[in-house]
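A short write-up of the structure that comes next.
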Amino acid sequence: MGLTTPLPALSIEFFPTTMSQATRCLNLIKKMGKYRYNWSFRETFVYNNPKWVDEREMEEIISGYQGFKSGDIYAKII
8 MGLTTPLPAL SIEFFPTTMS QATRCLNLIK KMGKYRYNWS FRETFVYNNP KWVDEREMEE
68 IISGYQGFKS GDIYAKII
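8 is the number of the first residue of the sequence shown in the numbering used here; add one for each residue after it.
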């Protein structure tokens, strides 16, 4: 069944070959509460954006990702 209780913060890892799963994860997170998102590409662990974005913006970012490396999506509840 998976996670059903909201968490203050969480992260998910994604790969270019599993972007549809990352989108499904974002949809599950959305059902748990209102979150803001940030991301890092590859294994940098540094936010790519100084501003946290909403789910719609995060989905646009990952849908356009053309990289060959993995990355992380960070979510924090607001």
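We put the beta carbon where it would ideally sit given N, CA and C, even for glycine.
Exercise for the section: Using a threshold of 8 Å, state whether the C-beta atoms of Tyr44 and Ile85 are closer than that. Expected result: Contact flag unset, no.
Practice task
Out of Gly9, Ile68, Val60, point me to the one whose CA is closest to Lys83's CA.
Solution key: When only C-alpha atoms are compared, the closest one is Val60.
Handout entry: Which of helix, strand or coil DSSP assigns to Ser27
Key = Helix at Ser27.
Problem - Check whether Met65 and Leu33 have beta carbons under 8 Å apart - result: Cβ distance < 8 Å, so Met65 and Leu33 count as in contact.
Exercise for the section: For the alpha helix (DSSP H) containing Glu62, list its first residue and its last residue. Expected result: 62-70 is the extent of the alpha helix (DSSP H) around Glu62.
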